[in-house]
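Each residue of the sequence shown is one higher than the one before, counting from 8 in the numbering used here.
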Amino acid sequence: MNAAAPLVRRAAVEGIGTAALVAVVVGSGVQAAELTRDVGVQLLANSLATVFGLGVLIALLGPVSGAHFNPAVTLAAWFTGRRTGDAPALRDVAAYLPAQIAGAIAGAVLADAMFGKPLVHFSTHDRWAGHLWLGEVVATAGLVWLIFGLARAGRAHLAPVAVASYIGAAYWFTSSTSFANPAVTIGRAFTDTFAGIAPASVAPFLAAQLVGAAAGLGLAAVCFGRPDTVNEDDVVVPHDGQQSVGTLRPANESALTR
Numbered sequence: 008m009n010a011a012a013p014l015v016r017r018a019a020v021e022g023i024g025t026a027a028l029v030a031v032v033v034g035s036g037v038q039a040a041e042l043t044r045d046v047g048v049q050l051l052a053n054s055l056a057t058v059f060g061l062g063v064l065i066a067l068l069g070p071v072s073g074a075h076f077n078p079a080v081t082l083a084a085w086f087t088g089r090r091t092g093d094a095p096a097l098r099d100v101a102a103y104l105p106a107q108i109a110g111a112i113a114g115a116v117l118a119d120a121m122f123g124k125p126l127v128h129f130s131t132h133d134r135w136a137g138h139l140w141l142g143e144v145v146a147t148a149g150l151v152w153l154i155f156g157l158a159r160a161g162r163a164h165l166a167p168v169a170v171a172s173y174i175g176a177a178y179w180f181t182s183s184t185s186f187a188n189p190a191v192t193i194g195r196a197f198t199d200t201f202a203g204i205a206p207a208s209v210a211p212f213l214a215a216q217l218v219g220a221a222a223g224l225g226l227a228a229v230c231f232g233r234p235d236t237v238n239e240d241d242v243v244v245p246h247d248g249q250q251s252v253g254t255l256r257p258a259n260e261s262a263l264t265r
C-alpha cells in the first residue's frame, strides 16, 4: 500500500474498489441471465467480465491502497507481516475490513439499480453443501498462495494479469464458482440474481474462506519460504472473487507505480 496516502483515502479506495468489483460480478450476471437461458454461457459471460474488471481495478487502485478488496487478504497480510515488522497496522485492518464489506453491499445494490431490480432483495440462491465449502477452501487457498507467492518470487508486477486470470479459471474449476472473498460473499447476499447467495449460506462460506486463506499461507511458506525482504504491507489484490482479490509487492518491485 502507499504509506504516503492517508488512511482515510486508502480505506475509501478499498470500499470503492470492492463496490466496483461486486457491481461487475452482479451486473454481468444479471446481463448474462437476461440475454441467454444457457447457464454455461451465463457463467462464461460472468467470468470474463470479472476477469477484465478485476485486472483493471488492481492496476488502477493498487498503488493507492494495495487493492486488497478482500478481508481474507488483508488479514493474511497482517498475520504474516507481524514476523517481519512489515504488517499493516491494526488500525489499517480495522479501517479496511468495514470499508470492504460496506463497499461490497453498495456494489450489489448499485448493480440491482442499474438493471431495475429491487435495491435490497436478499438472495434465495441456496449454496449449502459440503462440496461447495470445499470449493471455497480450494479457491481461497489458491488465491492467497498466488498473491504471496508472486511477491516472494519477485513477480509482483504480474499481479493484475495473474490474479484476474486465476479468478477466471477458478470460476470453472471450483464447485462454488470461486467466491474466495468474505466481503464479496456478504455483498452478494443482498441481490436475488444470478450471482447471489442466500444469507443462510454465507457463514459456512466465510469459514471455508478463512480456512483456505490459512492453507494458502502454508503453501506459500512451503514453496517460497518465509518472508525475508518482502514487504507484506504492500499488497495488491482483488477477490471475489468472484469474488476478491490481492497481491503483495516487495517494496523494491512496485511495477504498478512505474
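For glycine and all other residues, C-beta sits at the position ideal for the given N, C-alpha and C.
Helix, strand or coil for residue i? Go by DSSP, reduced to three states.
i, result
"isoleucine 65", "helix"
"alanine 19", "helix"
"histidine 138", "helix"
"asparagine 77", "coil"
"threonine 200", "coil"
"serine 54", "helix"
"threonine 43", "coil"
"phenylalanine 129", "coil"
"glycine 24", "helix"
"threonine 87", "helix"
"serine 72", "helix"
"proline 206", "helix"
"serine 35", "helix"
"glycine 156", "helix"
"glycine 161", "coil"
"serine 185", "coil"
"alanine 12", "coil"
"alanine 94", "coil"
Considering residue i, what are the terminal residues of the alpha helix (DSSP H) in which it resides?
i, result
"isoleucine 108", "97–121"
"phenylalanine 231", "209–231"
"alanine 169", "166–180"
"threonine 192", "189–195"
Suppose contacts are defined by Cβ-Cβ distances below 8 Å. Is residue i in contact with residue j by that definition?
i, j, result
"threonine 25", "glycine 114", "yes"
"glycine 194", "alanine 106", "no"
"threonine 181", "glycine 142", "yes"
"valine 127", "glycine 219", "no"
"leucine 14", "aspartate 99", "yes"
"phenylalanine 129", "phenylalanine 197", "yes"
"arginine 16", "valine 71", "yes"
"alanine 190", "isoleucine 65", "no"
"alanine 146", "alanine 177", "yes"
"alanine 27", "alanine 102", "no"
How about residue i: is its Cβ closer than 7 Å to a heavy atom in the ligand MG?
i, result
"valine 29", "The ligand content of the structure shown is nil, which means the ligand MG is not present either."
| Between the region 39–46 and the region 134–145, are three or more C-beta pairs nearer than 8 Å? | no
| said: With a threshold of 8 Å, are at least 3 pairs of Cβ atoms found where one atom belongs to the region 58–71 and the other to the region 28–39? | reply: Short answer: they touch.
| message | Would you call the region 150–159 in contact with the region 70–86, where contact means no fewer than 3 C-beta pairs closer than 8 Å? | response | Taking a cut-off of 8 Å on C-beta distances, the region 150–159 touches the region 70–86, as three or more cross pairs fall below it.
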